[in-house]
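Take 75 as the starting number for the sequence shown in our numbering and just add one per residue.
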Amino acid sequence: MRTGEEVVSSFAREVKRRRDAIGMTLEILAQRSGLTPNYIGNIENGQRDPSLTTLFRLAEGLGVPAGELIGGIGGLSAAAYEFGQLYESAPKDLRDTVAQLIRFFSKKPRR
75 MRTGEEVVSS FAREVKRRRD AIGMTLEILA QRSGLTPNYI GNIENGQRDP
125 SLTTLFRLAE GLGVPAGELI GGIGGLSAAA YEFGQLYESA PKDLRDTVAQ
175 LIRFFSKKPR R
């Protein structure tokens with residue numbers, strides 16, 4: 075399991091990576107998230123520990139689920155965490171269908 079410092083460090087890198095990938099400036103992200111450019115820059119540089127509220131505001135500003143910015147919880151990848159969140163929020167019949175599909179496609183082909 076990752077430490078709190080590792081999660082915060084991963085979060086900071088992921089915010090910067092995603093912001094750079096879409097060509098978003100600190101100023102634009104600040105406007106979209108309701109934070110200051112200086113504060114976001116300090117988070118990205120590891121000089122500030124963001125609160126949970128800040129995490130969600132940055133995720134909203136970037137247009138991504140907060141779990142993707144954390145890089146996973148409890149050792150899960152961000153994709154696995156997001157899948158788990160989506161799966162849990164889906165209706166039961168859809169969850170059952172998804173589980174059946176995963177079981178079907180996980181079987182090794184016979185030779």
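Glycine is no exception: its CB is placed at the ideal position from the N, C-alpha and C atoms.
Host alpha helix (DSSP H) of residue i (start-end)
| i | result |
| --- | --- |
| Gln174 | 166-180 |
| Gly120 | Neither: Gly120 is in no alpha helix (DSSP H) and is coded neither H nor E. |
| Leu126 | 126-136 |
| Ile102 | 100-107 |
| Ile144 | 140-144 |
| Gly78 | 78-95 |
Exposure label - residue i; buried when at least 16 CB within 10 Å
| i | result |
| --- | --- |
| Leu132 | buried |
| Ile96 | exposed |
| Glu31 | This structure gives no information on residue 31, because the portion of the chain shown stretches from 75 to 185. |
| Pro124 | buried |
| Ala86 | buried |
| Gly78 | exposed |
Residue j beta carbon less than 8 Å from that of residue i
| i | j | result |
| --- | --- | --- |
| Leu103 | Ile114 | yes |
| Val82 | Leu143 | no |
| Gly135 | Arg106 | yes |
| Thr127 | Leu109 | no |
Task: At least three beta-carbon pairs within less than 8 Å, the region 126-142 to the region 155-167 - done: yes
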